[in-house]
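>
Protein chains: 2
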Amino acid sequence: MKAASLRARVRAEMTDEIKAVARRHLSTDGANLSLRAVARDLGMASSAVYRYFASRDELLTALIIDAYGSLGDAAEAAPREWLAVCHAIREWALAHPHEWALIYGSPVPGYRAPRDTVPAAARVILALARIVAAAEVAEGEPVTGPLADELQAVADGFAPGTAPQVVGRAMGAWLHCCGAISAELFGQLQDTVEARRDFFEFQMRGAARWVGLT
Amino acid sequence: MKAASLRARVRAEMTDEIKAVARRHLSTDGANLSLRAVARDLGMASSAVYRYFASRDELLTALIIDAYGSLGDAAEAAPREWLAVCHAIREWALAHPHEWALIYGSPVPGYRAPRDTVPAAARVILALARIVAAAEVAEGEPVTGPLADELQAVADGFAPGTAPQVVGRAMGAWLHCCGAISAELFGQLQDTVEARRDFFEFQMRGAARWVGLT
DNA sequence: CTCATGAGAGAGCACTGCTCACAAAGGAGA
DNA sequence: TCTCCTTTGTGAGCAGTGCTCTCTCATGAG
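One line per chain: the protein sequences are A and B, in this order.
When we follow my numbering, the leftmost residue of the first sequence carries the number 1, and every step to the right adds one.
When we follow my numbering, the leftmost residue of the second sequence carries the number 215, and every step to the right adds one.
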């Protein structure tokens with residue numbers, strides 16, 4: 001796997017370059033990314049790009065996976081504390097709004113790349129789950145029915161030993177976090193709340209209290 | 215304004231017909247709505263549609279406003295109770311997923327029609343705000359700083375006499391609601407939670423408790 | 001040192017949004 | 001009633017898109 005990978009090496013570099021240009025286009029033109037424009041910027045024929053990505057959707061999927069990774073990095077780099085991680089996530093979203101829209105906005109073609117994205121997406125959630133699992137939170141009133149089993153399964157996978165209702169509350173906090181960021185990014189708070197950071201912190205403090213942290 | 219409106223009348227009918235076909239296309243093809251395809255379905259030249267909508271974006275804006283109206287209707291038709299309204303909103307979203315994506319997903323071209331949509335968007339929120347305003351909720355610990363003033367301004371506009379921190383919590387509940395529905399619709403809960411309705415109810419019960427209802 | 005494989009070019013298809021000059025067709029004013 | 005003139009619809013056309021195909025050619029593998 002040394003000299004044999006020379007060709008694979010330049011291929012990987014080219015792939016990265018395409019993704020970089022595509023990411024730049026994404027941040028200026030929005031979600032309607034043009035493969036031809038990317039090729040034009042790279043000084044190559046549009047058909048050549050298809051040697052690297054079978055379709056525009058495949059390029060987008062690659063960008064989505066990378067975005068999950070980047071967001072995961074940001075979340076893991078923050079201090080292991082609820083508010084810190086939340087703010088790290090929000091700041092990443094503010095810095096990469098179109099990539100946030102790509103992963104948490106409406107699915108672009110009405111279809112979501114199925115399995116490839118799941119592990120990448122899990123990292124951010126895990127960063128929050130770790131905090132909840134590490135803390136001692138009150139269990140509160142239990143959930144019942146099939147939902148309890150499902151939440152128990154999630155708990156077994158993500159944070160063993162956590163009560164299902166705590167998992168449910170943690171997921172709620174995560175939804176609250178996503179909702180707040182998306183609302184801010186997508187213009188839902190326009191002309192209503194300008195103290196965005198304070199508002200977000202207020203929301204996430206509430207979410208933490210609901211989960212049972214502190 | 216009687217006979218003079220004959221022309222305006224057929225124009226309005228034509229406009230509605232275009233929007234209806236566009237809505238149908240939206241529900242099958244997703245967000246990448248094709249004006250030409252709509253025209254084709256109507257048996258008219260694509261250029262004729264431009265007599266009614268100056269651009270594809272303008273058509274989409276019209277659909278967005280209509281969607282807000284439809285959602286507002288659904289929310290107002292529900293019993294004036296927290297959980298009932300939340301479930302009505304969710305059920306509307308499940309019935310009109312692409313329209314939900316249109317209004318609460320990522321902005322399609324990176325741009326949001328500015329003022330036209332605001333009053334339409336307010337109705338759903340008002341349906342929830344009424345419930346909070348009508349209930350007697352504990353004020354809890356107060357907010358301070360500029361955020362408090364902004365929340366107070368929102369309170370004065372939406373539900374006079376409500377404490378700013380209650381408004382903040384209510385907005386949080388709304389964000390939680392939006393986040394939960396979007397997550398369900400956009401596939402975030404895939405392979406994790408199947409008891410969707412129970413999960414949503416669990417979330418919104420928690421949101422209500424956080425606001426201070428019941 | 002050959003030679004197959006991978007990378008790139010370019011034409012082409014069907015589609016898109018949008019503009020333009022043109023042709024009916026109907027209501028408004030004389 | 002007759003004449004305009006605004007409104008509505010047409011079809012061609014431009015620039016752009018995703019994607020496929022065939023072709024060429026340099027280069028790394030054997």
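By construction, the Cβ of each residue, glycine as well, lies at the ideal position given by its N, Cα and C atoms.
Would you tell me roughly how many angstroms separate the C-alpha atoms of alanine 348 of chain B and tryptophan 296 of chain B, rounded to the nearest one?
Taking the second sequence and counting its residues from 1, one reaches residue 348 of chain B at position 134. Taking the second sequence and counting its residues from 1, one reaches residue 296 of chain B at position 82. Spanning the two alpha carbons is a distance of roughly 11 Å.
> So, does the CB of glycine 324 of chain B fall closer than 8 Å to a CB anywhere in chain A?
In the second sequence, residue 324 of chain B corresponds to position 110, counting from 1. Residue confidence for glycine 324 of chain B is low, a pLDDT of 45 falling below 50, so the modelled location carries little weight and cannot support an answer.
> Taking 7 Å as the cut-off, is the C-beta of serine 47 of chain A nearer than that to any heavy atom in the ligand NAP?
As presented, the structure is devoid of all ligands, the ligand NAP included, so that no description of it is given.
> Residues of chain A with a CB under 9 Å from the CB of glycine 426 of chain B: which are they?
For the purposes of this step, residue 426 of chain B is taken as the residue at position 212 of the second sequence. Simply none; closest approach about 11 Å.
> Taking the alpha-carbon positions, what's the aspartate 156 of chain A to glycine 43 of chain A distance?
One-based indexing of the first sequence puts residue 156 of chain A at position 156. One-based indexing of the first sequence puts residue 43 of chain A at position 43. Cα to Cα, aspartate 156 of chain A sits roughly 50 Å from glycine 43 of chain A.
> How about arginine 169 of chain A: is its C-beta nearer than 8 Å to some C-beta of chain B?
Numbered from 1 along the first sequence, position 169 holds the residue referred to as residue 169 of chain A. Yes, arginine 169 of chain A lies at the interface with chain B (some Cβ there is under 8 Å from its Cβ).
> Between the C-alpha atoms of arginine 205 of chain A and valine 299 of chain B, what's the straight-line distance to the nearest angstrom?
The sequence position of residue 205 of chain A within the first sequence is 205, counting from 1. The sequence position of residue 299 of chain B within the second sequence is 85, counting from 1. In a straight line, the C-alpha of arginine 205 of chain A is about 25 Å away from that of valine 299 of chain B.
> Just the Cα atoms here: how many angstroms apart are glycine 110 of chain A and proline 321 of chain B?
The residue you call residue 110 of chain A lines up with position 110 of the first sequence. The residue you call residue 321 of chain B lines up with position 107 of the second sequence. Any reading at glycine 110 of chain A must be qualified, since the residue scores a pLDDT of 45, below 50, and its modelled position is unreliable; the value itself is stated next. Cα-Cα distance, rounded: 15 Å.
> Do the stretch 231-248 of chain B and the stretch 305-317 of chain B touch if we need at least three Cβ pairs shorter than 8 Å?
Touching, yes, given that three or more Cβ pairs across the two stretches are closer than 8 Å.
> I'd like to know whether the C-beta atoms of glutamate 139 of chain A and valine 166 of chain A end up nearer to each other than 8 Å.
Sequence index remark: in the first sequence, residue 139 of chain A carries index 139 (1-based). Sequence index remark: in the first sequence, residue 166 of chain A carries index 166 (1-based). Yes, the pair counts as a contact, with Cβ atoms nearer than the cut-off.
> Applying the criterion that 16 or more other CB atoms from any shown protein chain within 10 Å of the CB defines a buried residue, is arginine 20 of chain A buried or exposed?
Taking the first sequence and counting its residues from 1, the one referred to as residue 20 of chain A is at position 20. Reading the sequence as shown, one finds alanine at residue 20 of chain A and not arginine. It is exposed - the Cβ of alanine 20 of chain A has fewer than 16 other Cβ atoms within 10 Å.
> For alanine 22 of chain A, which residues of its own chain have a beta-carbon under 7 Å away from its beta-carbon, when the five flanking residues on both sides are left out?
Indexing the first sequence from 1 puts residue 22 of chain A at position 22. The residues are Leu33, Val38, Leu59, Leu63.
> Going by alpha carbons, who is nearest to proline 374 of chain B out of B:Leu340, B:Cys391, B:His390?
By one-based count along the second sequence, residue 374 of chain B stands at place 160. It is B:Leu340.
> Within the chosen definition, does the stretch 178-191 of chain A reach the stretch 358-372 of chain B through at least 3 CB pairs nearer than 8 Å?
Result no; under three Cβ-Cβ pairs closer than 8 Å.
> So, helix, strand or coil for alanine 3 of chain A, using DSSP?
The residue you call residue 3 of chain A lines up with position 3 of the first sequence. In this predicted model, alanine 3 of chain A has a pLDDT of only 44, less than 50, meaning its place in the structure is not dependable enough to derive any value.
> Can you have a look at aspartate 57 of chain A and say buried or exposed, based on whether 16 or more other CB atoms are within 10 angstroms of its CB?
Along the first sequence, read from residue 1 onward, the residue named residue 57 of chain A stands at position 57. Result: exposed.
> Taking the alpha helix (DSSP H) that serine 396 of chain B belongs to, which residues open and close that run?
Translated into positions along the second sequence, residue 396 of chain B becomes position 182. Element bounds for serine 396 of chain B: 378-399.
> Using a Cβ-Cβ cut-off of 8 Å, state whether glycine 72 of chain A counts as contacting chain B.
Here residue 72 of chain A is taken as the residue at index 72 of the first sequence, counted from 1. So no, glycine 72 of chain A is outside the interface.
> What does alanine 101 of chain A touch in chain B if you count any residue whose Cβ is under 7 Å from its own?
To locate residue 101 of chain A, count along the first sequence from 1; it is residue 101. By Cβ distance, chain B contributes Ser320.
> Along the chain, where does the alpha helix (DSSP H) containing phenylalanine 202 of chain A start, and where does it finish?
Position 202 of the first sequence, counted from the start, is the residue given in the question as residue 202 of chain A. 196-211 is the extent of the alpha helix (DSSP H) around phenylalanine 202 of chain A.
> In chain A, what lies closer than 8 Å to leucine 389 of chain B by C-beta?
Sequence index remark: in the second sequence, residue 389 of chain B carries index 175 (1-based). Those are His176, Gly179, Ala180, Ala183, Gln203, listed as they occur along chain A.
> Check the Cβ-Cβ distances between glutamate 136 of chain A and every residue of chain B, and say whether any is below 8 Å.
Position 136 of the first sequence, counted from the start, is the residue given in the question as residue 136 of chain A. Output row for glutamate 136 of chain A: interface = no.
> Under 7 Å Cβ to Cβ from arginine 294 of chain B, same chain only, skipping five residues before and after it: list those, please.
For the purposes of this step, residue 294 of chain B is taken as residue 80 along the second sequence, with counting starting at 1. Excluding residues within five positions, the ones whose Cβ falls inside 7 Å are Arg344, Ile345.
> Should leucine 126 of chain A be flagged as near chain B, meaning a C-beta pair shorter than 8 Å?
To locate residue 126 of chain A, count along the first sequence from 1; it is residue 126. Output row for leucine 126 of chain A: interface = no.
> For glutamate 290 of chain B, which of B:Arg329, B:Asp412, B:Ala336 has the nearest alpha-carbon?
Stepping through the second sequence from its first residue, residue 290 of chain B is reached at position 76. Taking only the C-alpha atoms, the option nearest glutamate 290 of chain B is B:Ala336.
> Using the beta-carbon of each residue, which ones in chain B are nearer than 7 Å to threonine 192 of chain A?
On the first sequence, residue 192 of chain A is found 192 positions in, with the first residue counted as 1. Going along chain B in sequence order, the residues near threonine 192 of chain A (Cβ under 7 Å) are Val368.
> So, for isoleucine 65 of chain A: in the same chain, excluding its five sequence neighbours on each side, which residues have a beta-carbon less than 7 Å away from its beta-carbon?
As a working note, residue 65 of chain A is residue 65 in the first sequence. Taken in chain order, the residues that qualify are Asp116, Thr117, Ala120.
> Which of helix, strand or coil does DSSP assign to glutamine 152 of chain A?
Along the first sequence, read from residue 1 onward, the residue named residue 152 of chain A stands at position 152. Helix at glutamine 152 of chain A.
> DSSP on valine 252 of chain B, reduced to helix/strand/coil?
Here residue 252 of chain B refers to the residue found at position 38 when the second sequence is read from its first residue. Helix at valine 252 of chain B.
> Chain A beta carbons: is any one of them nearer than 8 Å to that of aspartate 271 of chain B?
Here the question's residue 271 of chain B lines up with position 57 in the second sequence. No, no contact with chain A.
> Alanine 195 of chain A CB to nearest chain B CB: under 8 Å?
Residue mapping note: residue 195 of chain A aligns to position 195 of the first sequence, counting from 1. Yes - at least one Cβ of chain B is within 8 Å of the one on alanine 195 of chain A.
> Measure the CB-CB distance between histidine 176 of chain A and glycine 382 of chain B and report whether it falls below 8 Å.
In the first sequence, the residue the question calls residue 176 of chain A occupies position 176. In the second sequence, the residue the question calls residue 382 of chain B occupies position 168. No.
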